[in-house]
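**Q** Handing you this structure, nothing more for now.
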């Protein structure tokens, strides 16, 4: 089926060829190129056909279809031989350049005999000689054939590398890569890396570079100790080649790099992202390179004992690591054998075996902000963190039941491990409950297990499930003749029910009422349940106090403070009388929290200090991390970040002594990140944010984890760690519940938005624009959040403007303006419109002035609306910014008198700077531009120098010496030109 309308004339054909040239390489571009060749054949003119054939050969070459590229080139060569006058200088250059493409394609096909490869090189040489072209490109291909065959390459290398480059030589970046690979083959890592440096530093590049060089340089960088550089290049280089069939070999080397640096889990993640390469790579040589890299990874995973993990492989079936490795090994061995049979050497098998035999170069290298191990790579459920220490579980079933209940009464962190073991035993078909009155009947144990499951659901904020489970447990306790436990379960159900989120604008009011009702019901339940054991009565008191504490937290009403203190005082007295250390500590924590919620942070700290002293003297020890965490948060509230950092760090240290789920270390890491930011340690904050997200993920709190990862991604972008940001977001966006749409769509949109901004910062304008355009289309459907759509549409418009697509930019800006009418975004819209005006005037000069002024006119209306709404802009006023932009736009368009008038207005609106005025830099820039327009373009240096000298004197007197430098420089230039 045709992918585009059939061109009816040569003008339409050339337009279609130009449009197809803008598409990424791949099946769509290739099919369109094939159709355009068919279309070109209908015209009598041979030139359009030649151009269409050139486009088709390019699509085959970079679409990894080497079998088809030589066929197309043969048609071009025949056309050149028959009608050489059709080929102008540019076409002739392309023709002789592409002899090298054919040589590369033929080498990649093991079915082409060695004699055919040599014959083609002879043809290339003869053609170059006949055309009076220098032979350096021919010797380059001769060297590459020698390297491919595994022959002694010294002579071939010297014949090529010793010759002067010509117009038909491979680009500088590609030749640098070939020279570096030669040195790498001789075992000289250092010389190879020195040779590569211009490419790795981004000074030389092309279609394939620096991605190709990066993939080869990764292991030499590790071997020479440049681990940070290797990490940096892996992140940037992988992104440049992922999912690209023509760069399958590069992907394979990135997989190998992961396998040799302790990043096997990331390797499996990248393999899944590149699953398309198993089917789409048509080049046998590239496929061999890719499959060998895949096997290095899979072999390493197997050696680590994870051969049964799922792995992404050939379509049509599911694969384990072991199964896929067997399949890949067979196919890669066959390809290597075919190349060696064709070449008459063992070079490809030897090179393959050398890669497979490599041992890890580093035990671990943290490649991304999201550190994952193979234990995290399984399909499913959250993986429990390793515990630092737990009490040994009794082997006797009766002892296990008694220990679980004892630990539960104490609130001991080792209790859940006992319940988990009991849950497994009770679920077994052959389970037999001990006939022991001290243990109670089986129904009581089942109630215990339900109550423990309900508590875990509550910790995950799954309140409806928790309430149902507590009610079930209460009914079973009734059956078991345990009224005290039944009462506790019903009280827990009451609290969980009250915490179920209420939708709507009156949610806080409804929740406050629900908690008041729950407390009243607990009071009645307490009164109606005689014979409670002390630990049961204390727990019930704690639940009542908690209900009132949550009510205060929800309502923030002063009238709700005293009841909390009264309830905690009762609990404190009861716990002291019965020596219940855990409940006594809980009462003191509630008191401290109540002081904090009511706004008395110093009193809260005093209470916490006293509690910590008691815990250190009398325990329970597992309350120390939680209490230190509370005091750390209080210190943050008091703006003592140093004290907060110390408390939170100590809390994390002590938390390591207890099972992972016992203490909310995710919260501790998150609070530590905040403390680090206040202390000016953003890199440390970033580490704590990612650790917090990892803990949330392990506990199954995926939404919380992704929110924290989102914050980490934004912070990494703010720190200029663009590739870290993109790699983290790519990993998150590849998660199954993201791709299937199970996670909150707005959260995913935020991740994508941050990624798009990171791509823009990383100067990948094409990818960033595509993502922004997609997000703008999606956000247009967010009727409940028009402001976000206005923001996204405005950013999209700017990126389209940067790409020179001002028609689409105008459409996106109009969308933003339409939504702005419902949800004003004065700053964002004004910034967007002014930037679009600047971009259009800068790129199009006088031709773009009318449209640029239209953008500024819209920005003027936004400024008027903001003024009417008494909106205060962040930084300079919108009117000032608009006047300055009028100056720049008119200057770009050559309207210098209008530009100077606008800049004078901007200076008037800004006003003169003061000594402590942060507007000095802005004022100085406005003076500089006015001076440049007046002195350079209007050729009035005298008044311009008067302006500049006066500004320099004023700024110097105010102490703003740094801001004077560009003014002094411009003044010196004007004096030189007088």
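Residue numbers (my numbering): 18 to 995. Ideal Cβ placement from N, Cα and C applies to all residues, glycine included. It should be emphasised that the depicted structure is a prediction, and the values quoted were computed from it without experimental measurement.
Go to residue 621, then tell me how far its alpha helix (DSSP H) extends in each direction, as first and last residue.
**A** To locate residue 621, count along the chain shown from 1; it is residue 604. First-last of the alpha helix (DSSP H) with residue 621: 618-635.
**Q** For residue 725, which residues of its own chain have a beta-carbon under 7 Å away from its beta-carbon, when the five flanking residues on both sides are left out?
**A** Against the chain shown, residue 725 aligns to sequence position 708. The answer, listed in chain order, is 687, 706, 709, 710 and 713.
**Q** Assign residue 528 to buried or exposed, taking buried as 16 or more other Cβ atoms, counted over all protein chains shown, within 10 Å of its Cβ.
**A** The count along the chain shown starts at 1 and reaches residue 528 at position 511. So residue 528 ends up on the buried side.
**Q** For the candidate residues 301, 181, 65 and 114, whose alpha-carbon lies nearest to that of residue 128?
**A** Translated into the one-based positions of the chain shown, residue 128 becomes position 111. The shortest Cα separation from residue 128 among 301, 181, 65 and 114 belongs to 301.
**Q** If we ignore side chains and look at the alpha-carbon of each, how far apart do residue 834 and residue 624 end up?
**A** In the chain shown, the residue the question calls residue 834 occupies position 817. In the chain shown, the residue the question calls residue 624 occupies position 607. Roughly 53 Å separates the two Cα atoms.
**Q** Just verifying my parser: in three-state terms, what is the DSSP assignment at residue 32?
**A** Translated into positions along the chain shown, residue 32 becomes position 15. Note: residue 32 maps to helix in three-state DSSP.
**Q** So, with DSSP's three-state summary, where would you put residue 910?
**A** The sequence position of residue 910 within the chain shown is 893, counting from 1. If DSSP states are grouped into helix, strand and coil, residue 910 belongs with coil.
**Q** Compute the Euclidean distance between the alpha carbons of residue 171 and residue 96, then round it to the nearest angstrom.
**A** Here residue 171 refers to the residue found at position 154 when the chain shown is read from its first residue. Here residue 96 refers to the residue found at position 79 when the chain shown is read from its first residue. Rounded to the nearest angstrom, the two C-alpha atoms are 38 Å apart.
**Q** Looking only at C-alpha atoms, which of 64, 475, 715 and 39 sits nearest to residue 392?
**A** One-based indexing of the chain shown puts residue 392 at position 375. Of 64, 475, 715 and 39, the residue nearest in Cα terms is 715.
**Q** Could you check the C-alpha separation between residue 73 and residue 697 for me, to the nearest Å?
**A** As a first step, residue 73 must be located in the chain shown, where it is residue number 56. As a first step, residue 697 must be located in the chain shown, where it is residue number 680. Their backbone Cα atoms lie some 55 Å apart in a straight line.
**Q** In the DSSP assignment, find the unbroken alpha helix (DSSP H) run with residue 820 in it and report its ends.
**A** Locating residue 820 in the chain shown gives position 803, where the first residue counts as 1. No alpha helix (DSSP H) holds residue 820; DSSP gives it neither H nor E.
**Q** Check residue 118 in the structure and name its three-state DSSP category.
**A** The count along the chain shown starts at 1 and reaches residue 118 at position 101. Helix.
**Q** Residue ranges of each beta strand (DSSP E) run of no fewer than 3 residues wholly in the segment 62-140, ordered along the chain?
**A** Counting only runs of 3 or more, we get nothing.
**Q** Based on DSSP bridge pairs, tell me the residues matched to residue 336.
**A** Here residue 336 is taken as the residue at index 319 of the chain shown, counted from 1. Paired residues: 328.
**Q** By DSSP, does residue 477 sit in helix, in strand, or in coil?
**A** For this step, residue 477 is matched to residue 460 along the chain shown. It is coil, neither helix nor strand.
**Q** Taking 7 Å as the limit between beta carbons, can you name the residues of its chain near residue 550, skipping five residues before and five after?
**A** Your numbering for residue 550 matches position 533 in the chain shown. Correct list, in chain order: 501.
**Q** Measuring CB to CB, does residue 921 end up less than 8 Å from residue 947?
**A** If you number the chain shown from 1, residue 921 lands on position 904. If you number the chain shown from 1, residue 947 lands on position 930. Contact flag set, yes.
**Q** Ignore the nearest five residues each way along the sequence and tell me which others in residue 531's own chain have a CB closer than 6 Å to its CB.
**A** Numbered from 1 along the chain shown, position 514 holds the residue referred to as residue 531. Once the five neighbours on either side are set aside, the close Cβ partners of residue 531 are 515.
**Q** Three-state secondary structure (DSSP) at residue 436?
**A** On the chain shown, residue 436 is found 419 positions in, with the first residue counted as 1. Of the three classes helix, strand and coil, the one that applies to residue 436 here is helix, per DSSP.
**Q** For residue 468, which residues of its own chain have a beta-carbon under 6 Å away from its beta-carbon, when the five flanking residues on both sides are left out?
**A** Taking the chain shown and counting its residues from 1, one reaches residue 468 at position 451. Closer than 6 Å at Cβ, skipping near neighbours: 490 and 506.
**Q** Rounded to whole angstroms, what's the CA-CA distance from residue 169 to residue 163? Just pull it up for me.
**A** Along the chain shown, read from residue 1 onward, the residue named residue 169 stands at position 152. Along the chain shown, read from residue 1 onward, the residue named residue 163 stands at position 146. One C-alpha to the other measures close to 7 Å.
**Q** Cα separation between residue 852 and residue 826?
**A** In the chain shown, residue 852 corresponds to position 835, counting from 1. In the chain shown, residue 826 corresponds to position 809, counting from 1. Residue 852 and residue 826: Cα-Cα distance of roughly 11 Å.
**Q** Could you pull the start and end residues of the alpha helix (DSSP H) that residue 177 belongs to?
**A** Taking the chain shown and counting its residues from 1, the one referred to as residue 177 is at position 160. Per DSSP, residue 177 belongs to the alpha helix (DSSP H) from 171-178.
**Q** Quick check on the DSSP output: the alpha helix (DSSP H) that includes residue 213 runs from which residue to which?
**A** As a working mapping, residue 213 is identified with position 196 in the chain shown. From DSSP, the alpha helix (DSSP H) with residue 213 extends over 206-217.
**Q** Taking residue 637 as the reference, give the member of 179, 536 and 431 with the closest Cα.
**A** Within the chain shown, residue 637 is the residue found at index 620, counting from 1. Of the listed residues, the one whose Cα sits closest to residue 637 is 431.
**Q** Which residues mark the beginning and the end of the alpha helix (DSSP H) in which residue 525 is found?
**A** By one-based count along the chain shown, residue 525 stands at place 508. Residues 524-544.
**Q** Please classify residue 759: is it buried, with 16 or more other beta-carbons within 10 angstroms of its beta-carbon, or exposed?
**A** In the chain shown, residue 759 corresponds to position 742, counting from 1. Answer is exposed; the Cβ neighbour count stays below 16.
**Q** Taking 8 Å as the CB-CB cut-off, is residue 270 touching chain B?
**A** The displayed structure is made up of one protein chain only, and chain B is not part of it.
**Q** Where in the segment 693-721 do unbroken runs of the alpha helix (DSSP H), each at least 4 residues long, occur, reported from the N-terminal end onward?
**A** Fully enclosed alpha helix (DSSP H) runs of 4 or longer: 699-715.
**Q** Just to confirm, are residue 278 and residue 377 a CB contact at a threshold of 8 Å?
**A** Here residue 278 refers to the residue found at position 261 when the chain shown is read from its first residue. Here residue 377 refers to the residue found at position 360 when the chain shown is read from its first residue. Yes; because the gap between Cβ atoms is below 8 Å, this pair is in contact.
**Q** With distances taken from CA atoms, which of 125, 55, 616 and 471 is nearest residue 487?
**A** Counted from its first residue, the chain shown places residue 487 at position 470. The shortest Cα separation from residue 487 among 125, 55, 616 and 471 belongs to 471.
**Q** Taking the straight line between their C-alpha atoms, what separation do you get for residue 668 and residue 622?
**A** Reading the chain shown from its first residue, position 651 is the one you call residue 668. Reading the chain shown from its first residue, position 605 is the one you call residue 622. Each residue's Cα considered, the two are about 16 Å apart.
**Q** Which residues mark the beginning and the end of the alpha helix (DSSP H) in which residue 986 is found?
**A** By 1-based counting over the chain shown, the position of residue 986 is 969. First-last of the alpha helix (DSSP H) with residue 986: 978-994.
**Q** Going by alpha carbons, who is nearest to residue 222 out of 252, 190 and 148?
**A** In the chain shown, counting from the first residue as 1, residue 222 sits at position 205. Residue 222 has its Cα closest to that of 190, out of 252, 190 and 148.
**Q** Take residue 832 as the anchor and find which of 818, 844, 819 and 813 has the nearest alpha-carbon.
**A** Locating residue 832 in the chain shown gives position 815, counting from the first residue. Of the listed residues, the one whose Cα sits closest to residue 832 is 813.
**Q** Ignore the nearest five residues each way along the sequence and tell me which others in residue 402's own chain have a CB closer than 7 Å to its CB.
**A** As a working mapping, residue 402 is identified with position 385 in the chain shown. Residue confidence is low: residue 402 scores 45 on pLDDT, short of 50, so the model does not pin down where it sits. Its coordinate-derived value is still stated next. Once the five neighbours on either side are set aside, the close Cβ partners of residue 402 are 677 and 715.
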